[in-house]
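*Asks:*
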DNA sequence: CACAATTCAATTGTGCACAACTGAATCACG
DNA sequence: CGTGATTCAGTTGTGCACAATTGAATTGTG
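Protein chains in written order, with this note's numbering: chain D, 1 to 157; chain E, 1 to 157.
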């Protein structure tokens with residue numbers, strides 16, 4: 001009893017629509033909460049990493065966020081223009097650019113502490129549900145990444 | 001026993017990272033599969049809606065996809081330039097532009113039928129898991145949309 | 001040491017998301 | 001009928017994602 005192609009297509013539509021919708025809805029919530037801080041959502045993610053690690057080369061920042069220099073370079077320039085970070089070439093390795101928080105960037109952390117609670121409240125999920133959803137999403141991401149590494153059809157022999 | 005603010009921030013980081021990562025991993029898989037069809041992922045979503053409904057005004061297309069004219073207008077121009085759709089002003093309402101498939105656009109459907117099966121295989125999830133995840137994501141989206149409609153803190157009095 | 005391969009950040013170019021606005025067509029109400 | 005509000009597509013401008021390329025610095029190997 002094989003599933004007709006049209007049903008697969010319908011199901012596929014549902015899951016990609018759902019993921020897209022959830023992602024964009026999250027973006028909208030963050031946009032509203034971060035407007036007061038003068039940050040976009042991706043900029044907020046960068047600041048989260050910096051608040052946790054203090055100072056990092058662009059490369060490491062990209063590994064944490066799964067972003068490349070094509071995205072990070074202009075973003076970091078804007079954060080620097082806003083006075084939140086500074087960028088300077090590493091003395092050890094002139095290829096590397098180290099990004100670190102300014103005093104202003106550190107100070108913004110206090111105002112950002114409000115954000116996560118409001119996000120969690122907006123989801124209407126409790127901590128266990130969030131944890132469970134995160135685990136499913138991480139498993140999904142892992143499977144997708146693995147599949148991306150094998151360009152051939154994984155239905156296989 | 002209240003949760004320290006730093007823990008909320010950490011958890012928040014996890015959930016937004018996870019959702020972001022899953023969304024981007026999906027994008028990468030679709031990119032690979034759709035390259036042969038000459039479509040981007042958002043263009044594929046538009047084509048899915050058109051394959052299902054045949055012909056729609058831009059407004060309706062936007063409602064299905066949660067996209068506005070600022071996104072759809074240039075995207076549809078590219079699909080038209082690729083010969084997959086045609087756009088024409090409605091006779092009844094000159095404000096409205098109706099989008100419909102060309103023969104070439106219809107024909108592409110056959111080649112696209114391969115895509116959903118490969119996507120499902122790449123996730124490594126079975127149908128029930130996909131259905132369950134979709135339900136959770138839809139519930140999340142609903143909660144986030146509702147929260148977005150109330151700009152004040154939903155923690156309430 | 002010399003030189004090829006690699007690493008790193010930046011740049012370029014394409015495409016998407018979204019806010020704000022424009023302008024034309026339509027509708028609602030007096 | 002007329003005029004003010006609304007609807008619709010399009011445009012503009014900002015910012016992000018990603019592929020491809022560049023160029024400089026570093027590393028590995030003979």
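Ideal placement from N, C-alpha and C gives every residue a C-beta, glycine not left out.
What's the gap between the Cα of residue 152 of chain E and the Cα of residue 46 of chain D?
*Replies:* Within the second chain, the letter at position 152 stands for residue 152 of chain E. Within the first chain, the letter at position 46 stands for residue 46 of chain D. Here the model assigns residue 152 of chain E a pLDDT of 48, short of 50, so the residue's position is not dependable, and the following value carries that caveat. In a straight line, the C-alpha of residue 152 of chain E is about 26 Å away from that of residue 46 of chain D.
*Asks:* Applying the 10 Å Cβ sphere with the 16-neighbour rule, what's the burial state of residue 116 of chain E?
*Replies:* To locate residue 116 of chain E, count along the second chain from 1; it is residue 116. The residue in question, residue 116 of chain E, is buried, as its Cβ has 16 or more Cβ neighbours within 10 Å.
*Asks:* Quick check on residue 80 of chain E: does DSSP put it in helix, strand or coil?
*Replies:* By one-based count along the second chain, residue 80 of chain E stands at place 80. Of the three classes helix, strand and coil, the one that applies to residue 80 of chain E here is helix, per DSSP.
*Asks:* Specify the secondary structure class of residue 88 of chain D as computed by DSSP and reduced to three states.
*Replies:* Working through the first chain from its first residue, we reach residue 88 of chain D at position 88. Residue state, collapsed to three classes: strand.
*Asks:* Closer than 7 Å, Cβ to Cβ, to anything on chain D: give me those residues from the region 64-92 of chain E, in chain order.
*Replies:* Result list: 66.
*Asks:* Under 8 Å, with one C-beta from each stretch per pair, do the region 47-61 of chain D and the region 70-84 of chain E reach the 3-pair mark?
*Replies:* Counting Cβ pairs under 8 Å, fewer than three are found: no touch.
*Asks:* What residue does the beta strand (DSSP E) around residue 56 of chain E start on, and which one ends it?
*Replies:* Counted from its first residue, the second chain places residue 56 of chain E at position 56. Per DSSP, residue 56 of chain E belongs to the beta strand (DSSP E) from 55-57.
*Asks:* Does any CB atom of chain D fall closer than 8 Å to the CB of residue 96 of chain E?
*Replies:* The residue you call residue 96 of chain E lines up with position 96 of the second chain. Chain D, which has no Cβ nearer than 8 Å to the Cβ of residue 96 of chain E, makes this no.
*Asks:* Identify the residues that DSSP records as bridge partners of residue 98 of chain D: which are they?
*Replies:* Here residue 98 of chain D is taken as the residue at index 98 of the first chain, counted from 1. Looking at the DSSP assignment, residue 98 of chain D forms a beta bridge with D:57 and D:88.
*Asks:* Determine which residues of the region 16-33 of chain E have a Cβ less than 7 Å from any Cβ of chain D, and write them out in chain order.
*Replies:* Answer set for the region 16-33 of chain E: 16, 18, 19, 21, 22, 23, 24, 25, 26, 28, 29 and 32.
*Asks:* Hey, is residue 12 of chain D's beta-carbon within less than 8 Å of any beta-carbon in chain E?
*Replies:* If you number the first chain from 1, residue 12 of chain D lands on position 12. It does; some Cβ of chain E falls within 8 Å.
*Asks:* Check whether chain D comes within 8 Å of residue 40 of chain E, counting only Cβ atoms and requiring the distance to be less than that.
*Replies:* Here residue 40 of chain E refers to the residue found at position 40 when the second chain is read from its first residue. No, its Cβ sits nowhere closer than 8 Å to a Cβ of chain D.
*Asks:* Hey, would you say residue 11 of chain D sits closer than 8 Å to residue 22 of chain E, going by beta carbons?
*Replies:* As a working note, residue 11 of chain D is residue 11 in the first chain. As a working note, residue 22 of chain E is residue 22 in the second chain. Contact: no.
*Asks:* Taking any Cβ of chain D, which residues in the region 122-139 of chain E have a Cβ under 9 Å from it, in chain order?
*Replies:* Those residues of the region 122-139 of chain E that come within reach of chain D (Cβ to Cβ, closer than 9 Å) are 122, 123, 124, 125, 127, 129, 130, 131, 132, 133, 134, 135, 136, 137, 138 and 139.
*Asks:* Check residue 123 of chain E in the structure and name its three-state DSSP category.
*Replies:* Working through the second chain from its first residue, we reach residue 123 of chain E at position 123. Three-state DSSP puts residue 123 of chain E in a helix.
*Asks:* What first and last residue would you give for the alpha helix (DSSP H) that runs through residue 108 of chain E?
*Replies:* The residue you call residue 108 of chain E lines up with position 108 of the second chain. Element bounds for residue 108 of chain E: 103-112.
*Asks:* Identify the contact partners of residue 144 of chain E in chain D, using a Cβ-Cβ distance below 8 Å as the criterion.
*Replies:* Residue numbering aside, residue 144 of chain E sits at position 144 when the second chain is read from its first letter. Simply 22, 25, 26, 28, 29, 122 and 123.
*Asks:* Is residue 132 of chain E helix, strand or coil by DSSP?
*Replies:* Locating residue 132 of chain E in the second chain gives position 132, counting from the first residue. Of the three classes helix, strand and coil, the one that applies to residue 132 of chain E here is helix, per DSSP.
*Asks:* State buried or exposed for residue 73 of chain D, treating a residue as buried only when at least 16 other CB atoms are found within 10 Å of its CB.
*Replies:* The sequence position of residue 73 of chain D within the first chain is 73, counting from 1. Result: exposed.
*Asks:* Against residue 141 of chain D, what residues of chain E qualify as contacts under a CB-to-CB distance less than 8 Å, listed in chain order?
*Replies:* For the purposes of this step, residue 141 of chain D is taken as residue 141 along the first chain, with counting starting at 1. Result: 18, 21, 22 and 25.
*Asks:* Can you find the residues in the same chain that come closer than 8 Å, C-beta to C-beta, to residue 89 of chain E, ignoring five residues on each side of it along the sequence?
*Replies:* For the purposes of this step, residue 89 of chain E is taken as residue 89 along the second chain, with counting starting at 1. Cβ within range, chain order: 96, 97 and 98.
*Asks:* Going by CA-CA distance only, name the one from E:36, E:17 and E:51 that's closest to residue 48 of chain D.
*Replies:* In the first chain, counting from the first residue as 1, residue 48 of chain D sits at position 48. Measuring from the Cα of residue 48 of chain D, the nearest candidate turns out to be E:17.
*Asks:* At 7 Å on the CB atoms, spell out the chain D contacts of residue 48 of chain E, in chain order.
*Replies:* Mapped onto the second chain, residue 48 of chain E falls at position 48. Within 7 Å Cβ-Cβ: 13.
*Asks:* With a threshold of 8 Å, are at least 3 pairs of Cβ atoms found where one atom belongs to the region 122-132 of chain D and the other to the region 106-113 of chain D?
*Replies:* The answer is no - the region 106-113 of chain D does not touch the region 122-132 of chain D, with fewer than three Cβ pairs under 8 Å.
*Asks:* Let me make sure I understand the geometry here. Which of E:25, E:26 and E:44 has the alpha-carbon closest to that of residue 34 of chain E?
*Replies:* Taking the second chain and counting its residues from 1, one reaches residue 34 of chain E at position 34. When only C-alpha atoms are compared, the closest one is E:44.
*Asks:* Identify the contact partners of residue 57 of chain E in chain D, using a Cβ-Cβ distance below 7 Å as the criterion.
*Replies:* Counted from its first residue, the second chain places residue 57 of chain E at position 57. The contacting residues do not exist; residue 57 of chain E stays about 20 Å from chain D at best.
*Asks:* Checking contacts by CB at 8 Å: is residue 147 of chain E closer than that to chain D?
*Replies:* Position 147 of the second chain, counted from the first residue, corresponds to residue 147 of chain E. Closer than 8 Å: yes.
*Asks:* Around the Cβ of residue 165 of chain E, are there at least 16 other Cβ atoms within 10 angstroms (buried) or fewer (exposed)?
*Replies:* Summary: the structure shown does not reach residue 165 of chain E, with chain E confined to residues 1 through 157, and so no result is reported for it.
*Asks:* Can you tell me whether residue 39 of chain D is helix, strand or coil according to DSSP?
*Replies:* Start at 1 with the first residue of the first chain, and residue 39 of chain D comes out as number 39. Looking at residue 39 of chain D - three-state DSSP - the assignment turns out to be coil, as it is neither helix nor strand.
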